[in-house]
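Chains as they are written, first to last, in our numbering: chain Y, 1 to 155; chain C, 1001 to 1155. Every residue, glycine too, gets a C-beta built ideally from N, C-alpha and C. The structure presented is a predicted model; accordingly, all values stated were derived computationally and were not measured.
There are 2 protein chains.
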Amino acid sequence: MKKIKAFLLEDQLCFAVYKAANQFTKLYRQVLEPFGLTYPQYLVLLALWEQDSLVVKQISEKLSLGIGTLNPILNKLVDKGWVTKETSSKDKRAVIISLTEKARATETLITEKLMEKMAHCDALTVIDGDLRAQLQNLNELLTQLNNMEVKDEYL
Amino acid sequence: MKKIKAFLLEDQLCFAVYKAANQFTKLYRQVLEPFGLTYPQYLVLLALWEQDSLVVKQISEKLSLGIGTLNPILNKLVDKGWVTKETSSKDKRAVIISLTEKARATETLITEKLMEKMAHCDALTVIDGDLRAQLQNLNELLTQLNNMEVKDEYL
DNA sequence: TCATTTTATATCGTATGCGATGTATATGTC
DNA sequence: GACATATACATCGCATACGATATAAAATGA
């Protein structure tokens, strides 16, 4: 009596994603820890290196993280001197997050160390291309699904 | 001055995986919450539905979770009456986790509810096949990388 | 204008997820 | 059998991640 394939642990897409996310975090920790950074904290910096001085809401959207998750991360980045927080003068509700000199100065080094680590595994690059595109599709789908849920109740 | 493509937030494989994992957890919560289950708790049940009465160590390996993460989850499952814990008679260090009657009885219902939810999104099924295989490759790679790290220091 | 509603953050409680450490039990070696 | 080592689990501290709630400021509208 074999069970439905889709519901065996090893065959589940969601489980594969779950495991990959955990493994990635572990891998990145090796590089980021010496800088005193965690993976989510690094993501915030990554967003700001692309475009500095974002409002919290913009970072929240870029990373798909709620304020409840993001705010503690931002506070830690402030404490550790990576970013600053200032109220927007145009909209006093909004808070602008900006990179410090330290954060700007360290971008290259962190990026190099990460590339070094990843280079140890050429296969990662090979796999990368197609998978990335598919995952982006998946993410759009999941996001839609999650946003649809409220309406869903009324069907 | 465009930056290296690989290091733009949106283009990063790890970020795509990270987001997908978060979205999946949200999606599953909708189905699992009425049962009083979280996604990791459900994963434990999934493992046990495949094969009951596993030792903690075995579950830890199946889910790629350390004892520090797994133990609190198991304790909650015990508290809520989904599984039992008993010391192995053969090896008094080992703890055997077994499904309760409630857990066995609810498997079908939970599985049905999950399939219902997923069925709302046919596209998920279409994407699934290839992506799953690729993610499994990715996971093997990442796991190897993570296990290699210790030796890595001596190169 | 002024009450209502929306929006941007902040805070809180619960549940992971991890590395580090502690403890009891097996195991291997002599 | 004694003892060093390895293994299985437990516990702790830190850092997310989420939903729910709170608060202040902006936008809306009668």
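With its beta carbon at least 7 Å from every one in chain Y, Leu1045 of chain C lies outside the interface. Nearest to Ala103 of chain Y by C-alpha distance, out of Y:Lys85, Y:Gly68, Y:Trp49 and Y:Gln144, is Y:Trp49. In the three-state DSSP reduction, Ser1089 of chain C falls in the coil class, being neither helix nor strand.
Between Glu140 of chain Y and the set C:Gln1012, C:Ala1020 and C:Leu1063, the nearest pair of CA atoms involves C:Ala1020. Scanning chain C for C-beta atoms nearer than 8 Å to the C-beta of Gln134 of chain Y yields Ile1127, Asp1130, Leu1131 and Gln1134, reported in chain order. In the three-state scheme derived from DSSP, where H, G and I count as helix and E and B as strand, Ser1060 of chain C is classed as helix. With respect to Leu77 of chain Y, Gln41 of chain Y sits close: the two C-beta atoms are nearer than 7 Å. Between Leu1063 of chain C and Leu1032 of chain C, the gap from beta carbon to beta carbon reaches 7 Å or more. Using a Cβ-Cβ cut-off of 7 Å, Glu112 of chain Y is close to nothing in chain C; its nearest Cβ partner there is about 10 Å away. In this structure, the straight-line span from the alpha carbon of Glu1086 of chain C to that of Ile1073 of chain C is close to 16 Å.
Looking at the DSSP output, Ile1097 of chain C sits in a beta bridge with C:Leu1054 and C:Lys1085. Taking C-beta separations shorter than 8 Å and ignoring five residues to either side along the sequence, the partners of Arg1029 of chain C in its chain run Thr1038 and Tyr1039, following chain order. Nearest CB-CB separation between Tyr1018 of chain C and chain Y: below the 7 Å threshold. In this model, Leu27 of chain Y and Gln1023 of chain C are separated by some 21 Å (Cα to Cα).
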